[in-house]
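Asker: Protein sequences appear in the order of chains A and B.
Going by our numbering, the residue at position 20 of the first sequence is 20; the numbering climbs one at a time, nothing skipped.
Going by our numbering, the residue at position 77 of the second sequence is 1077; the numbering climbs one at a time, nothing skipped.
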Amino acid sequence: DVKVTQSSRYLVKRTGEKVFLECVQDMDHENMFWYRQDPGLGLRLIYFSYDVKMKEKGDIPEGYSVSREKKERFSLILESASTNQTSMYLCASTAGGIRGNEQFFGPGTRLTVL
Amino acid sequence: QQQVKQSPQSLIVQKGGISIINCAYENTAFDYFPWYQQFPGKGPALLIAIRPDVSEKKEGRFTISFNKSAKQFSLHIMDSQPGDSATYFCAAIISGSARQLTFGSGTQLTVLP
């Protein structure tokens, strides 16, 4: 089974702190994604990566950056956390090309920014 | 711009009843329509999916109905069970384009015992 793991299930940070969310997948997937999930808004794409060191902005990239130094690992960085970034963050991965229709999700990180 | 509209936002059904969740899309380039199921504390997981060349797909108690001309698709859960209580997301994707997976806003389903 595909496994996508996220470094923390719950995080509490203070406004202005730098926050790192880590995601690791074990299926050698080319594509990795970061979403945030908010009630009534569904899943909104923050960034995605289709290869090592490659990244593209999603729908809501403002206030976030990402890093993908190894194929299996994709990090989301909040340079200066703000209260409006309190949310559930989900990482996902897919195989490349047409095999990539199914996204495999991690369990999520619930981030609270005080 | 929301390209996939999902309704209702929440749904309460009695055990044994039929749960129906509806989605509508705008982009006619979408060619794969999955439904994801998310239990509390878990990430979403693929439940069932359909391509637009068929009008219906059934897997156990779960059925997707697809209306290409109306650009609508729906999830039907027959004989709903309390264990089906979860959040359901419809989605749409252009095959081979990792970027183009778009999710609906989600439906929180509660099945009463």
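Quick reminder that beta carbons are idealized off the backbone N, C-alpha and C, glycines included.
So, helix, strand or coil for glutamine 1001 (chain B), using DSSP?
Answerer: Only weak support is given to the placement of glutamine 1001 (chain B): the predicted model assigns it a pLDDT of 48, under 50, and the value that follows is read from those uncertain coordinates. Coil.
Asker: Evaluate contact between the region 82–94 of chain A and the region 2–20 of chain A, counting only Cβ atoms and requiring at least three cross-stretch pairs below 8 Å.
Answerer: As far as the Cβ criterion goes, the region 82–94 of chain A touches the region 2–20 of chain A, which means the pair count is three or higher.
Asker: Say whether chain A places a C-beta atom closer than 9 Å to the C-beta of lysine 1032 (chain B).
Answerer: For the record, residue 1032 (chain B) in the displayed sequence is tyrosine; it is not lysine. Put simply, the CB of tyrosine 1032 (chain B) is near chain A, with a gap under 9 Å to one of its CB atoms.
Asker: Indicate whether alanine 95 (chain A) and phenylalanine 33 (chain A) have their beta-carbon atoms separated by less than 9 Å.
Answerer: It is not a contact, given that the beta carbons lie outside the stated cut-off.
Asker: What residue range is occupied by the uninterrupted beta strand (DSSP E) comprising threonine 95 (chain A)?
Answerer: For clarity, residue 95 (chain A) is alanine in the given sequence; the question names threonine instead. Where alanine 95 (chain A) is concerned, there is no enclosing beta strand (DSSP E), given that its DSSP letter is neither H nor E.
Asker: How would you label proline 1044 (chain B), buried or exposed, when you count the other beta carbons within 10 angstroms and need 16 or more for buried?
Answerer: buried
Asker: Which residue or residues does DSSP assign as beta-bridge partners of methionine 32 (chain A)?
Answerer: A:Ser49, A:Ser93
Asker: Residues in the same chain with beta-carbon distance under 7 Å from glycine 58 (chain A), minus the five sequence neighbours each way, listed in chain order, please.
Answerer: Leu45, Ile46, Tyr47, Phe48
Asker: Counting only beta-carbon atoms, is isoleucine 1176 (chain B) nearer than 9 Å to chain A?
Answerer: Residue 1176 (chain B) falls outside the range modelled here, since chain B spans only 1001 to 1113, and no answer is possible.
Asker: How big is the Cα-Cα spacing for tyrosine 64 (chain A) and lysine 53 (chain A)?
Answerer: 16 Å
Asker: State yes or no: is the beta carbon of arginine 14 (chain A) nearer than 9 Å to at least one beta carbon in chain B?
Answerer: no
Asker: Just to confirm my understanding: we take isoleucine 1050 (chain B), look at its own chain, exclude 5 residues before and 5 after, and list those with CB closer than 6 Å. What are they?
Answerer: Phe1033, Lys1057, Ile1064, Phe1066
Asker: Where isoleucine 1021 (chain B) and histidine 1076 (chain B) are concerned, what is the direct C-alpha to C-alpha distance, given to the nearest angstrom?
Answerer: 7 Å
Asker: Assuming contact is defined by CB atoms lying nearer than 9 Å, are proline 39 (chain A) and lysine 1042 (chain B) in contact in what I supplied?
Answerer: Taking 9 Å as the Cβ cut-off, proline 39 (chain A) and lysine 1042 (chain B) do not qualify as a contacting pair.
Asker: By a C-beta neighbour count over all protein chains shown, 10 Å radius and 16 as the cutoff for buried, is leucine 43 (chain A) buried or exposed?
Answerer: buried
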